[in-house]
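As structure tokens, the structure follows; a few thoughts come after it.
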Amino acid sequence: MSRGPEVIVTEKDNAARRIADILSGGAATAERRNDVNVYKWGGTRCIGLSGHVVGVDFPPEYSDWRDVEPVELIDAPVRKTPTQEGIVSALRRLARNASRVTIATDYDREGELIGKEAYELVREVNEDVPVDRVRFSSITETEVTNAFADPDDLDFDLAAAGEARQVIDLTWGAALTRFLSLSARQLGNDFISVGRVQGPTLKLIVDREREIRAFEPEAYWELFGELSKADGDPFEAQYFFTDDAGNEAERVWDESVAETLTEALAATEAAVVDDVRRRTRTDEPPTPFNTTAYIRAAGSLGYSAQRAMSIAEELYTAGYVTYPRTDNTVYPDDLEPRALLESLTTSGRFGDDAASLLERDAIEPTEGDEETTDHPPIHPTGDLPGASDLSADEWEVYELIVRRFLATCAPPATWERLRVVALANGDATQIAREADPFAALRDPADAAETPELAADGGLRLKANGKRLLEAGYHEVYPYRSSDERIVPDVEPGAVLTMSGRHTDAKETQPPRRYGQSRLIEEMEARGWTKRPDTAPSRSCTTAATSRTTRRGRPGWRSRSSRPPRDSPTTSSPRR
Numbered sequence: 002m003s004r005g006p007e008v009i010v011t012e013k014d015n016a017a018r019r020i021a022d023i024l025s026g027g028a029a030t031a032e033r034r035n036d037v038n039v040y041k042w043g044g045t046r047c048i049g050l051s052g053h054v055v056g057v058d059f060p061p062e063y064s065d066w067r068d069v070e071p072v073e074l075i076d077a078p079v080r081k082t083p084t085q086e087g088i089v090s091a092l093r094r095l096a097r098n099a100s101r102v103t104i105a106t107d108y109d110r111e112g113e114l115i116g117k118e119a120y121e122l123v124r125e126v127n128e129d130v131p132v133d134r135v136r137f138s139s140i141t142e143t144e145v146t147n148a149f150a151d152p153d154d155l156d157f158d159l160a161a162a163g164e165a166r167q168v169i170d171l172t173w174g175a176a177l178t179r180f181l182s183l184s185a186r187q188l189g190n191d192f193i194s195v196g197r198v199q200g201p202t203l204k205l206i207v208d209r210e211r212e213i214r215a216f217e218p219e220a221y222w223e224l225f226g227e228l229s230k231a232d233g234d235p236f237e238a239q240y241f242f243t244d245d246a247g248n249e250a251e252r253v254w255d256e257s258v259a260e261t262l263t264e265a266l267a268a269t270e271a272a273v274v275d276d277v278r279r280r281t282r283t284d285e286p287p288t289p290f291n292t293t294a295y296i297r298a299a300g301s302l303g304y305s306a307q308r309a310m311s312i313a314e315e316l317y318t319a320g321y322v323t324y325p326r327t328d329n330t331v332y333p334d335d336l337e338p339r340a341l342l343e344s345l346t347t348s349g350r351f352g353d354d355a356a357s358l359l360e361r362d363a364i365e366p367t368e369g370d371e372e373t374t375d376h377p378p379i380h381p382t383g384d385l386p387g388a389s390d391l392s393a394d395e396w397e398v399y400e401l402i403v404r405r406f407l408a409t410c411a412p413p414a415t416w417e418r419l420r421v422v423a424l425a426n427g428d429a430t431q432i433a434r435e436a437d438p439f440a441a442l443r444d445p446a447d448a449a450e451t452p453e454l455a456a457d458g459g460l461r462l463k464a465n466g467k468r469l470l471e472a473g474y475h476e477v478y479p480y481r482s483s484d485e486r487i488v489p490d491v492e493p494g495a496v497l498t499m500s501g502r503h504t505d506a507k508e509t510q511p512p513r514r515y516g517q518s519r520l521i522e523e524m525e526a527r528g529w530t531k532r533p534d535t536a537p538s539r540s541c542t543t544a545a546t547s548r549t550t551r552r553g554r555p556g557w558r559s560r561s562s563r564p565p566r567d568s569p570t571t572s573s574p575r576r
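Start counting the sequence shown at 2; every next residue gets the next number (this note's numbering).
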């Protein structure tokens, strides 16, 4: 009897294609089975799933929203059913005569659960075939080859943790969705979707919206003067006074006081430098990317959390970056930064920057506070894409990841900061002291001491400048500002010309609405997304965020939680 094929199961088709290409030395060919790609070479077959191909749901008798009370779902039995019939059928056919099955799904809790689901499908048709597990953090030739040379067993405990999360999501999501939808008589396509994470996250958004709507702006005024040395460029200085606690205050909270101070400032033609302070500040390079930091950085480039993760996963399966779901912010001991920099020197985009870093005597990458042992921080693998291998968005994200790695290997930047305080005199002091100093405060009734609107020498004006002395990591990482603010170098006693003045009327602003990056940070701070495999594309973050901007996009996808198509809708669509 001929020996059956060895079967490799990956989480997605693109991972199957990449792994097949590595293990076959480029000799693998693709064939279609049940409209599913199967890659074959010699006696090996490699098939990619589509994430979860088996879902959890309630039995049919629990599907009627009208006859089943939502509370009954809490203790209802749960069953598993195929959700991707074509893939399930193709896997079963391959496994039936397989001599060995290797699970090569993603290296995290969710990947372990997907691997267990594949294991159970295999066992349904082949009880005796050996099944092992390989794990890797990047789909590169070295990591994949090493992983297959030293296979391990499935971690059924870790998979069970993922399974428990699945069941809890189903039970509470379906029960709460039904309860709220029925209570609000909002059914049909406009049912109210609620989930274990989605509901609390949505409450964050609602609470913030209530803050915004309840906010009442307060008016205040700020005063500015334009100063310059003889034959020098003008620079802006801001008026400040000392409040009842002796602290500097720039905002004037009374219009009549602001008018008096504006008149006082207009009565000045020059200002005398009263105080000059110089200091240097070290600007440390950023720490390595974990998932949250990566999403935040990608968000600053305009990518939603879901889109950022989707691109990172594509780059991972193509072998260009490490696994993008990680808490880790410390590179592992086996990462050789100098070797990785060497590989980047061949890139037309990053070669010069990598080469400049290699000139350093010692390369000691930065470290964050979180250190785990499952995955390294997100970084390039050293396998470089060609110019036509990536889309424009993929190139932008890939460059972000590469440059973050470069920045972690770069030296700190050094800034020189200069603070100048000048006194604008003339008749300014006399005019300013005609105003009620307590009225300048936001809460004058609580004042402990008398504020001082002007010093004996005049109105106080301050200017803060900064100059980049050593660019450091800014040379390779343009995503943090390195803009300079020039204030001329002056000494106490120097006389500066007052060339302009203006008073700005402003209002306090309500808190900002959550963007996706900030929302994810809030969720993480509350422990709702402790594991990176519950990050945006696998959690309810995007659903909760989208509910404020889109309509008709429920976040819960269980058939049992959905109302019947003919359920009456009694209110307008939710936004």
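We put the CB at the ideal spot given by N, CA and C, even for glycine.
Computed from a prediction, not measured in an experiment: that's the story for all the values here.
Just curious, the alpha helix (DSSP H) that residue i is in, first and last residue?
{"i": "residue 30", "result": "Note, residue 30: premise wrong, no alpha helix (DSSP H); beta strand (DSSP E) at 30 to 34."}
{"i": "residue 500", "result": "Unbroken run through residue 500 is the beta strand (DSSP E), 496 to 508; no alpha helix (DSSP H)."}
{"i": "residue 157", "result": "157 to 184"}
{"i": "residue 343", "result": "338 to 345"}
{"i": "residue 401", "result": "393 to 409"}
{"i": "residue 96", "result": "86 to 97"}
{"i": "residue 432", "result": "429 to 433"}
Using the beta-carbon count (16 or more within 10 Å), is residue i buried or exposed?
{"i": "residue 349", "result": "exposed"}
{"i": "residue 111", "result": "buried"}
{"i": "residue 182", "result": "buried"}
{"i": "residue 493", "result": "exposed"}
{"i": "residue 479", "result": "exposed"}
{"i": "residue 164", "result": "buried"}
{"i": "residue 117", "result": "buried"}
{"i": "residue 546", "result": "Annotation note: pLDDT 40 at residue 546 (below 50); position unreliable, no value reported."}
{"i": "residue 512", "result": "exposed"}
{"i": "residue 431", "result": "exposed"}
{"i": "residue 389", "result": "exposed"}
{"i": "residue 486", "result": "exposed"}
{"i": "residue 137", "result": "buried"}
{"i": "residue 184", "result": "exposed"}
{"i": "residue 274", "result": "buried"}
{"i": "residue 552", "result": "Since pLDDT at residue 552 reaches only 31, below the 50 mark, its modelled position is unreliable, and the value read off the structure follows with that caveat. Answer is exposed; the Cβ neighbour count stays below 16."}
{"i": "residue 548", "result": "Low per-residue confidence applies at residue 548: pLDDT is 41, beneath 50, and the placement is therefore not dependable, though the value from the model is reported in the following sentence. With 16 or more other Cβ atoms within 10 Å, it is buried."}
Is DSSP giving residue i helix, strand or coil here?
{"i": "residue 22", "result": "helix"}
{"i": "residue 297", "result": "helix"}
{"i": "residue 143", "result": "helix"}
{"i": "residue 351", "result": "coil"}
{"i": "residue 120", "result": "helix"}
{"i": "residue 264", "result": "helix"}
{"i": "residue 125", "result": "helix"}
{"i": "residue 227", "result": "strand"}
{"i": "residue 333", "result": "coil"}
{"i": "residue 112", "result": "helix"}
{"i": "residue 49", "result": "strand"}
{"i": "residue 149", "result": "helix"}
{"i": "residue 58", "result": "strand"}
{"i": "residue 221", "result": "strand"}
If you follow the beta strand (DSSP E) that residue i is part of, which residue opens it and which one closes it?
{"i": "residue 306", "result": "Where residue 306 is concerned, there is no enclosing beta strand (DSSP E), although the alpha helix (DSSP H) it sits in stretches over 306 to 318."}
{"i": "residue 471", "result": "460 to 471"}
{"i": "residue 201", "result": "Here residue 201 belongs to no beta strand (DSSP E); instead the alpha helix (DSSP H) covers 199 to 215."}
{"i": "residue 238", "result": "236 to 243"}
{"i": "residue 521", "result": "Note, residue 521: premise wrong, no beta strand (DSSP E); alpha helix (DSSP H) at 517 to 526."}
{"i": "residue 81", "result": "80 to 83"}
{"i": "residue 275", "result": "271 to 284"}
{"i": "residue 416", "result": "414 to 425"}
{"i": "residue 7", "result": "7 to 11"}
State yes or no: is the C-beta of residue i within less than 7 Å of the C-beta of residue j?
{"i": "residue 146", "j": "residue 382", "result": "no"}
{"i": "residue 7", "j": "residue 45", "result": "yes"}
{"i": "residue 577", "j": "residue 448", "result": "Outside the displayed span of the chain (2 to 576) sits residue 577, for which this structure offers no information."}
{"i": "residue 497", "j": "residue 423", "result": "yes"}
{"i": "residue 288", "j": "residue 330", "result": "yes"}
{"i": "residue 92", "j": "residue 122", "result": "yes"}
{"i": "residue 14", "j": "residue 38", "result": "yes"}
{"i": "residue 470", "j": "residue 417", "result": "yes"}
{"i": "residue 19", "j": "residue 320", "result": "yes"}
So, under 8 Å CB-CB, residue i and residue j are touching, yes? Tell me the CB distance rounded to an integer number of Å.
{"i": "residue 60", "j": "residue 78", "result": "6 Å"}
{"i": "residue 452", "j": "residue 244", "result": "5 Å"}
{"i": "residue 425", "j": "residue 401", "result": "No, residue 425 and residue 401 are not in contact; Cβ-Cβ is about 46 Å, not under 8 Å."}
{"i": "residue 207", "j": "residue 105", "result": "42 Å between Cβ atoms; not a contact."}
{"i": "residue 228", "j": "residue 504", "result": "With 8 Å as the limit, residue 228 and residue 504 do not qualify as a contact, their Cβ atoms being about 16 Å apart."}
{"i": "residue 130", "j": "residue 101", "result": "7 Å"}
{"i": "residue 296", "j": "residue 88", "result": "That belief does not hold up - the Cβ atoms of residue 296 and residue 88 are roughly 29 Å apart, past 8 Å."}
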